[in-house]
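1 is the number of the first residue of the sequence shown in full-length UniProt numbering; add one for each residue after it.
Quick reminder that beta carbons are idealized off the backbone N, C-alpha and C, glycines included.
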Amino acid sequence: MKTLSKNVFVIGLVLVLICPFGVHAAQSILIPKITNFIIVVDQSGSMFKNFGQTKKKKATLAKEVLFKVNERIPELGYTGAIQVFAPDKTLVGPEVYNRTNFKTAINQLAEKGEIFGNLTPLGASIRYTAKNIPLFQGKTAIILVSDGIADITDDPLRAAKEIYNNYGNICFHAISIADRDKGRQTLRDICEVNNCAYTEGMDILSDTAALNRFLAEVFYMVISDEELQKLFAPPVLMPEVTIDDLLREDILFDFDQYTLDQEWAAFLDDAADALLKQPDVHIVIEGHTDWGGPEAYNQKLSERRAKAVYDYLLGKGIESTRMETIGYGETMPAVSNLTKIGRMLNRRAVINVVQ
């Protein structure tokens with residue numbers, strides 16, 4: 001599949017039919033950010049209390065929020081699940097996301113329950129969720145729907161940090177049903193473990209723009225046909241561009257290939273010129289793949305892609321002592337591998353300045 005920048009928009013037509021914002025289909029494309037998601041819903045006693053001064057239970061509001069969210073999640077092949085805690089239970093999944101199936105699961109959420117003695121094991125529930133993570137391939141979003149009350153000793157923030165440190169390719173998001181600052185702060189702190197999305201459930205219920213922002217932060221990128229073509233085209237270099245601007249570009253490869261397409265020559269020539277003018281700058285060249293093929297094969301392929309860029313720059317006079325290479329295989333995708341476009345964007349090399 002040569003000359004990606006000329007051909008990829010044809011494949012993009014598979015995706016342009018899905019757009020949750022009411023924009024004409026031909027004008028925007030969705031590219032998944034994640035491969036998997038788990039919605040974790042708090043069903044502890046505090047959720048069966050009224051929200052603030054309203055007459056609605058927090059559990060009822062959580063259910064209404066999830067109905068709205070479910071209506072707007074695009075069916076892009078995600079693997080999804082809904083779990084509840086207090087007690088721990090899986091309502092649906094993990095399975096390929098289907099809006100109807102998930103609506104049925106959301107409908108099972110209790111709106112009334114025991115308040116006293118039904119404590120909130122938020123930390124333990126986060127650990128319970130982690131049992132599914134080894135089953136997943138690609139990036140996983142864990143979406144907490146809770147009031148943030150944690151009245152059992154297992155610290156939820158510590159639990160989130162441990163899971164992130166163990167698995168890495170996950171993001172903790174939160175839809176807050178909190179009516180106390182302490183609960184909100186607990187959820188915010190969990191989201192900040194990996195700079196992930198936090199939103200208020202009441203905002204989702206009252207503001208479609210807030211709902212769309214949250215979905216875009218968690219689930220997908222929205223780009224135009226024109227922007228998509230630019231993603232696959234080598235950058236047009238302008239005068240006085242900084243070396244950081246010059247080198248932070250993804251160099252794309254064809255499927256199962258590690259030879260450089262000729263269309264990247266001009267870009268790499270300019271990169272070499274910039275490096276020659278700044279002899280103190282050192283770089284690390286990363287190689288990456290999509291998830292097609294065996295993991296060990298992809299690791300070698302990513303190393304060869306990094307080496308191809310290294311060899312090109314070496315041939316342009318950049319000293320070997322200024323360059324390092326590393327291959328990440330399929331472990332660090334730029335976007336989800338669920339779509340053809342996503343897989344194309346993940347077949348890449350990246351030059352990072354380590355000055």
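Euclidean distance between Cα positions of residue i and residue j
{"i": "Q299", "j": "N107", "result": "44 Å"}
{"i": "A59", "j": "I190", "result": "21 Å"}
{"i": "E330", "j": "V65", "result": "35 Å"}
{"i": "F116", "j": "L109", "result": "19 Å"}
{"i": "D84", "j": "I285", "result": "The amino acid occupying residue 84 in the given sequence is Val; Asp does not appear at that position. Taking the straight line joining both Cα atoms gives about 43 Å."}
{"i": "Y167", "j": "P134", "result": "8 Å"}
{"i": "V69", "j": "G293", "result": "34 Å"}
{"i": "E75", "j": "A81", "result": "14 Å"}
{"i": "A306", "j": "T321", "result": "15 Å"}
{"i": "E95", "j": "N101", "result": "10 Å"}
{"i": "H173", "j": "E263", "result": "39 Å"}
{"i": "F219", "j": "I73", "result": "8 Å"}
{"i": "V23", "j": "K103", "result": "Residue confidence for V23 is low, a pLDDT of 39 falling below 50, so the modelled location carries little weight; the figure read from the coordinates is stated next. Computed Cα separation, rounded: 25 Å."}
{"i": "G183", "j": "L61", "result": "16 Å"}
{"i": "R266", "j": "Q257", "result": "Residue identity check: residue 266 is Ala in the sequence provided, not Arg. Roughly 20 Å between the two C-alpha positions."}
{"i": "L17", "j": "G342", "result": "In this prediction, L17 has a pLDDT of 36, which is less than 50 and means its spatial position is unreliable; what the coordinates show is noted afterwards. Approximately 16 Å, taken between the alpha carbons."}
{"i": "R347", "j": "D290", "result": "6 Å"}
{"i": "N194", "j": "E111", "result": "31 Å"}
{"i": "D261", "j": "T186", "result": "49 Å"}
{"i": "D203", "j": "Q53", "result": "17 Å"}
{"i": "A124", "j": "R99", "result": "28 Å"}
{"i": "V241", "j": "V92", "result": "Low confidence applies here, because V241 scores a pLDDT of 49, under 50, leaving its location unreliable; read the following figure in that light. C-alpha separation (whole angstroms): 50 Å."}
{"i": "Y164", "j": "C196", "result": "12 Å"}
{"i": "K161", "j": "Y78", "result": "24 Å"}
{"i": "R158", "j": "L314", "result": "46 Å"}
{"i": "M344", "j": "F136", "result": "21 Å"}
{"i": "T90", "j": "E71", "result": "20 Å"}
{"i": "M332", "j": "E295", "result": "12 Å"}
{"i": "E192", "j": "D42", "result": "20 Å"}
{"i": "A308", "j": "L276", "result": "19 Å"}
{"i": "Y297", "j": "L30", "result": "29 Å"}
{"i": "G201", "j": "I177", "result": "6 Å"}
{"i": "D88", "j": "Y97", "result": "21 Å"}
{"i": "K340", "j": "R304", "result": "22 Å"}
{"i": "F51", "j": "K57", "result": "6 Å"}
{"i": "L205", "j": "K55", "result": "16 Å"}
{"i": "F214", "j": "P279", "result": "44 Å"}
{"i": "F255", "j": "A274", "result": "29 Å"}
{"i": "A86", "j": "S44", "result": "5 Å"}
{"i": "V145", "j": "K63", "result": "9 Å"}
{"i": "R188", "j": "D154", "result": "17 Å"}
Beta-carbon proximity of residue i to residue j, cut-off 7 Å
{"i": "D179", "j": "S46", "result": "no"}
{"i": "F67", "j": "G113", "result": "no"}
{"i": "I142", "j": "I38", "result": "yes"}
{"i": "P32", "j": "L338", "result": "yes"}
{"i": "I170", "j": "T208", "result": "no"}
{"i": "residue 380", "j": "V335", "result": "Any answer about residue 380 is impossible in this case: the structure gives the chain only from 1 up to 355."}
{"i": "A272", "j": "I318", "result": "yes"}
{"i": "residue 385", "j": "H288", "result": "The structure shown has nothing for residue 385, since the chain only spans 1 to 355."}
Contact belief for residue i with residue j at Cβ below 8 Å, rounded distance in angstroms
{"i": "Y310", "j": "M323", "result": "6 Å"}
{"i": "residue 439", "j": "V353", "result": "Because the chain spans 1 through 355 in this model, residue 439 falls outside it and cannot be assessed."}
{"i": "A216", "j": "T199", "result": "About 11 Å separates the two Cβ atoms, so there is no contact after all."}
{"i": "P156", "j": "I126", "result": "6 Å"}
{"i": "T129", "j": "V40", "result": "5 Å"}
{"i": "Q105", "j": "L122", "result": "First, the residue type needs correcting, since residue 105 is Ala and not Gln in the sequence shown. So it is not a contact: roughly 21 Å between Cβ atoms."}
{"i": "K316", "j": "D269", "result": "7 Å"}
{"i": "N36", "j": "G138", "result": "6 Å"}
Limits of the beta strand (DSSP E) - the one that residue i falls within
{"i": "I285", "result": "I283 to H288"}
{"i": "I143", "result": "T140 to S146"}
{"i": "G327", "result": "M323 to G327"}
{"i": "I163", "result": "Careful: I163 lies outside any beta strand (DSSP E), inside the alpha helix (DSSP H) at P156 to Y167."}
{"i": "D250", "result": "D250 to L252"}
{"i": "R348", "result": "R348 to V353"}
{"i": "V335", "result": "First-last for V335: undefined, no H or E at that position."}
{"i": "I223", "result": "Y220 to I223"}
Span of the alpha helix (DSSP H) around residue i
{"i": "residue 432", "result": "Because the chain here runs from 1 to 355, residue 432 falls outside it and cannot be looked at."}
{"i": "I126", "result": "L122 to T129"}
{"i": "I106", "result": "R99 to N107"}
{"i": "A150", "result": "Careful: A150 lies outside any alpha helix (DSSP H) and carries neither H nor E."}
{"i": "K277", "result": "A265 to K277"}
Practice task
Scan the region 11–96 and note each continuous alpha helix (DSSP H) run of 4 residues or more that stays entirely inside, going in chain order.
Solution key: 58–72
Practice task
Output the residue ranges of the beta strand (DSSP E) runs that lie fully inside the region 175–205 and measure 3 residues or longer, sorted by chain position.
Solution key: Counting whole runs of 3 or more residues, the region 175–205 contains the beta strand (DSSP E) stretches 198–200.
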